[in-house]
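Enquirer: Structure incoming, see below.
Protein chains in written order, with the working numbering: chain Y, 1 to 318; chain P, 319 to 636.
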């Protein structure tokens, strides 16, 4: 099997593009897909300051690597959720990678330790707050990510969501016809209101498998295990069935997600309406000032509810 | 496990309805779902003459049984496609069932024998016409079904498509964003133009498993095997992945397909536009007079192309 581009020996075959690449041409392909995503979705410009949410997984570390190699100014934030050995390992991978890129590019890795802030890890916190763990985790990560972006004046927040993530999420939203979520499924969400940073997903044109290959080929040391809390999750089920269909018909995920984006782009008016709608209903949280649709934001509510489950000393820290 | 309704011993559990039924209450449930489908989608009235497309499978024979028991006037058409032992078996099942209901209700079973008309079965015919077998089969069945409906003055044609069929088709259309097909995915399609009969799917509220149980409990003898031509088809793949999701979350298919119908019903204007659009582009086929968007309809085109592959004697019959 030879490289479609330079005819030397290929290291990866991409059935959905009917192509095969050597390491160099594959890196070129990956960088090109990200550059196209950034440009076509107007994600950010060369002088924008970007904050990447990193987890220690292949996608977010590859994203950091790619953006720096493409010449962008990108720092990162890691939220340690206190999930025992899993968090310890992912934290170590992030720190190690952060040291390397700090030395080469002078960028910063911000850390947020949930256990230091809340006195306990996500499992116990979610239990005290009577929330499913994955939902509590999402609230915390979104909150901290946005807080750091606003406090440190980043222009845009970037996440490592890939084509598989977005296609799976789209499938879930469509199976339940969640119109409101469908409207917000684009890879570039504007800063809808003061206090909410712009959010982008520069990896939406690359599959999970392509990003794993990129990480391996470029010696990015990432945590391979899925989060132990996510076992049996709906998202993983949707990914599995889409992989099943992709194997039979390469390109299924791409046709599905990109086709959706094209369809959405044709009904532009509702996108602006969405932003206007958000602006009309958002207000500062009475406790922390982040934008929220309620009197108190869901993060502060959750933390307050969790407080009830803590002992005196722990509760005092919240 | 007791019947949710009458508390006697249940014979079937329906996780998506969070219910279990004895034979009698299950039959009542099935009849009720069909009656609701007919009423809510304005499919037909008590004095309409209905033509059912029967294949020998559980769905179409159950549909015939149910409509007769609900007091409707329903005849049936069976198209024998000449697929060796499979067609022989399904033909036998249909004839046997047809004799029983003819004796009880005085209804008619129409037969169309492809081999008698074309001198060969669907496999050879598709090959000569350079068409995939399933696509050629669809063209033939739609054509003959419509021809008999119009010639014999039926008010409406009914097919045995169930919830699984419709959800799988919807998934396929959505994965590829086939907008035009999405518009025509409702369970009740009006007679868009002179020469095209109205088409309805009264089983769209019942799953494959429920219809199999109905057939077994009511001693309807049907052909259990899938058509040998359909092996590995996309539709079967879509059904498999939806079954996978249904097992994890009962009600997935229903939420998906019914949710889609509800969404479609809200944008009523496009439904009329569709019918108007059809009327504007349809004209009588110059060969057979059935409505078509081209000069010659796809059935006549296929038959003409297939003719080229036949020997003199066979060709003369076409």
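Beta carbons: idealized from backbone N, C-alpha and C, even for Gly.
Going by the CB atoms, is the gap between residue 563/P and residue 237/Y shorter than 8 Å?
Expert: One-based indexing of the first chain puts residue 237/Y at position 237. One-based indexing of the second chain puts residue 563/P at position 245. Yes, the pair counts as a contact, with Cβ atoms nearer than the cut-off.
Enquirer: At a Cβ cut of 9 Å, what residues of the segment 222 to 245 of chain Y count as close to chain P, listed as they run along the chain?
Expert: Taking 9 Å as the Cβ-Cβ cut-off against chain P, the residues of the segment 222 to 245 of chain Y that qualify are 232, 234, 237, 238, 240, 241, 242, 244 and 245.
Enquirer: Across which residues does DSSP place residue 283/Y in a beta bridge pair?
Expert: Counting from one through the first chain, the residue named residue 283/Y turns up at place 283. 292/Y.
Enquirer: Taking all protein chains shown into account, decide if residue 92/Y is buried (16 or more other Cβ within 10 angstroms of its Cβ) or exposed.
Expert: As a working note, residue 92/Y is residue 92 in the first chain. Under this definition residue 92/Y is an exposed residue.
Enquirer: Can the beta-carbon of residue 522/P be found closer than 8 Å to that of residue 355/P?
Expert: Here residue 522/P refers to the residue found at position 204 when the second chain is read from its first residue. Here residue 355/P refers to the residue found at position 37 when the second chain is read from its first residue. Yes, Cβ-Cβ distance for residue 522/P and residue 355/P is below 8 Å.
Enquirer: If residue 141/Y and residue 53/Y are in contact, beta carbons under 8 Å, what's the gap, nearest whole angstrom?
Expert: To locate residue 141/Y, count along the first chain from 1; it is residue 141. To locate residue 53/Y, count along the first chain from 1; it is residue 53. Correct: roughly 7 Å between the Cβ atoms.
Enquirer: Of all the residues that make up the segment 163 to 190 of chain Y, which are near chain P by a beta-carbon distance shorter than 9 Å?
Expert: 171, 174, 175, 176, 177 and 179
Enquirer: What is the residue span of the beta strand (DSSP E) that residue 427/P lies within?
Expert: Here residue 427/P corresponds to residue number 109 of the second chain, with the count starting at 1. First-last of the beta strand (DSSP E) with residue 427/P: 427 to 431.
Enquirer: Do residue 144/Y and residue 79/Y have their beta-carbon atoms positioned less than 8 Å apart in this structure?
Expert: In the first chain, counting from the first residue as 1, residue 79/Y sits at position 79. In the first chain, counting from the first residue as 1, residue 144/Y sits at position 144. Yes, these two residues count as a Cβ contact at 8 Å.
Enquirer: Measuring straight from C-alpha to C-alpha, what distance separates residue 575/P and residue 481/P?
Expert: Counted from its first residue, the second chain places residue 575/P at position 257. Counted from its first residue, the second chain places residue 481/P at position 163. So the two alpha carbons sit approximately 8 Å from each other.
Enquirer: Residue 116/Y: buried (16+ other C-beta within 10 angstroms of its C-beta) or exposed?
Expert: Taking the first chain and counting its residues from 1, the one referred to as residue 116/Y is at position 116. With fewer than 16 neighbouring CB atoms inside 10 Å of its own CB, residue 116/Y falls in the exposed class.
Enquirer: Beta carbons nearer than 7 Å to chain P: which residues of the segment 86 to 98 of chain Y have them?
Expert: none
Enquirer: With DSSP run on the structure shown, which of helix, strand or coil describes residue 521/P?
Expert: One-based indexing of the second chain puts residue 521/P at position 203. Looking at residue 521/P - three-state DSSP - the assignment turns out to be coil, as it is neither helix nor strand.
Enquirer: Closest to residue 394/P by CA distance: which of 401/P, 365/P, 426/P and 449/P is it?
Expert: Counting from one through the second chain, the residue named residue 394/P turns up at place 76. The option with the nearest alpha carbon to residue 394/P is 426/P.
Enquirer: With a cut-off of 8 Å on the beta carbons, I'd call residue 528/P and residue 332/P a contact; round off their distance for me.
Expert: Residue numbering aside, residue 528/P sits at position 210 when the second chain is read from its first letter. Residue numbering aside, residue 332/P sits at position 14 when the second chain is read from its first letter. At roughly 7 Å, the Cβ-Cβ gap stays under 8 Å, so residue 528/P and residue 332/P are in contact.
Enquirer: Report the start-end ranges of each beta strand (DSSP E) in the segment 523 to 571 of chain P that is 3 residues or longer and not cut off at the edges.
Expert: none
Enquirer: Once you ignore the five residues that flank residue 295/Y on each side, which residues in its own chain have a CB closer than 7 Å to its CB?
Expert: In the first chain, residue 295/Y corresponds to position 295, counting from 1. Only 286 meet the Cβ criterion.
Enquirer: Are the C-beta atoms of residue 259/Y and some chain P residue less than 8 Å apart?
Expert: If you number the first chain from 1, residue 259/Y lands on position 259. So, interface residue.
Enquirer: Can you give the Cα-Cα distance for residue 373/P and residue 581/P, rounded to whole angstroms?
Expert: What you label residue 373/P is simply residue 55 of the second chain in a count that begins at 1. What you label residue 581/P is simply residue 263 of the second chain in a count that begins at 1. Answer to the nearest angstrom: the Cα atoms are 31 Å apart.
Enquirer: Looking at residue 216/Y and the ligand FAD, is the gap between the Cβ and the nearest heavy atom below 7 Å?
Expert: The ligand FAD is not part of the structure shown, which contains no ligands of any sort.
Enquirer: Under three-state DSSP, which class holds residue 63/Y?
Expert: Residue 63/Y sits at position 63 when you count from the first residue of the first chain. Three-state DSSP puts residue 63/Y in a helix.
Enquirer: Look at the alpha carbon of residue 260/Y and the alpha carbon of residue 436/P, and state the distance between them as a whole number of angstroms.
Expert: Taking the first residue of the first chain as 1, we reach residue 260/Y at position 260. Taking the first residue of the second chain as 1, we reach residue 436/P at position 118. Rounded to the nearest angstrom, the two C-alpha atoms are 43 Å apart.
Enquirer: Quick one: what's got a C-beta closer than 6 Å to residue 306/Y's C-beta in the same chain, skipping five residues either side?
Expert: Walking along the first chain from the start, residue 306/Y turns up at place 306. Closer than 6 Å at the Cβ level, and outside the excluded window around residue 306/Y, lie 125, 128 and 129.
Enquirer: Would the beta-carbon of residue 369/P fall within 8 Å of that of residue 399/P?
Expert: Along the second chain, read from residue 1 onward, the residue named residue 369/P stands at position 51. Along the second chain, read from residue 1 onward, the residue named residue 399/P stands at position 81. Contact flag unset, no.
Enquirer: Quick one: does residue 301/P have its CB under 8 Å from some CB of chain Y?
Expert: The question about residue 301/P has no answer, for chain P in this structure spans 319 to 636.
Enquirer: On a Cα-Cα basis, can you pick out the residue from 72/Y, 33/Y and 87/Y that is closest to residue 123/Y?
Expert: The residue you call residue 123/Y lines up with position 123 of the first chain. The residue with the shortest Cα to Cα distance from residue 123/Y is 87/Y.
Enquirer: Please list, in chain order, the chain P residues whose beta carbon lies closer than 8 Å to that of residue 108/Y.
Expert: Sequence index remark: in the first chain, residue 108/Y carries index 108 (1-based). Counting only Cβ-Cβ distances below 8 Å, residue 108/Y has no contacts in chain P at all, with the closest Cβ about 42 Å away.
Enquirer: Near residue 408/P, which residues of its chain fall below 7 Å by C-beta distance, leaving aside the five closest residues on each side in sequence?
Expert: In the second chain, the residue the question calls residue 408/P occupies position 90. If we look at residue 408/P and ignore the five residues flanking it on each side, its Cβ neighbours are 373, 374 and 541.
Enquirer: Could you say which of 105/Y, 152/Y and 83/Y lies nearest to residue 227/Y if we only look at CA atoms?
Expert: In the first chain, counting from the first residue as 1, residue 227/Y sits at position 227. Residue 227/Y has its Cα closest to that of 83/Y, out of 105/Y, 152/Y and 83/Y.
Enquirer: Considering only the beta carbon of each residue, do residue 378/P and residue 478/P sit closer than 8 Å?
Expert: For this step, residue 378/P is matched to residue 60 along the second chain. For this step, residue 478/P is matched to residue 160 along the second chain. Closer than 8 Å, so yes.
Enquirer: Under DSSP, the alpha helix (DSSP H) around residue 617/P begins and ends at which residues?
Expert: Residue 617/P sits at position 299 when you count from the first residue of the second chain. That run of the alpha helix (DSSP H) goes 616 to 625.
Enquirer: Beta-carbon separation of residue 26/Y and residue 217/Y under 8 Å?
Expert: Reading the first chain from its first residue, position 26 is the one you call residue 26/Y. Reading the first chain from its first residue, position 217 is the one you call residue 217/Y. In contact: residue 26/Y and residue 217/Y (Cβ atoms closer than 8 Å).
Enquirer: Using the Cα positions of residue 121/Y and residue 539/P, report the straight-line distance between them to the nearest angstrom.
Expert: The count along the first chain starts at 1 and reaches residue 121/Y at position 121. The count along the second chain starts at 1 and reaches residue 539/P at position 221. Those two C-alpha atoms are separated by around 60 Å.
Enquirer: Would you say residue 267/Y faces chain P, with C-beta separation under 8 Å as the test?
Expert: The count along the first chain starts at 1 and reaches residue 267/Y at position 267. Not an interface residue.
Enquirer: Bridge partners for residue 475/P per DSSP, in chain order?
Expert: Along the second chain, read from residue 1 onward, the residue named residue 475/P stands at position 157. Beta-bridge pairing links residue 475/P to 369/P and 517/P.
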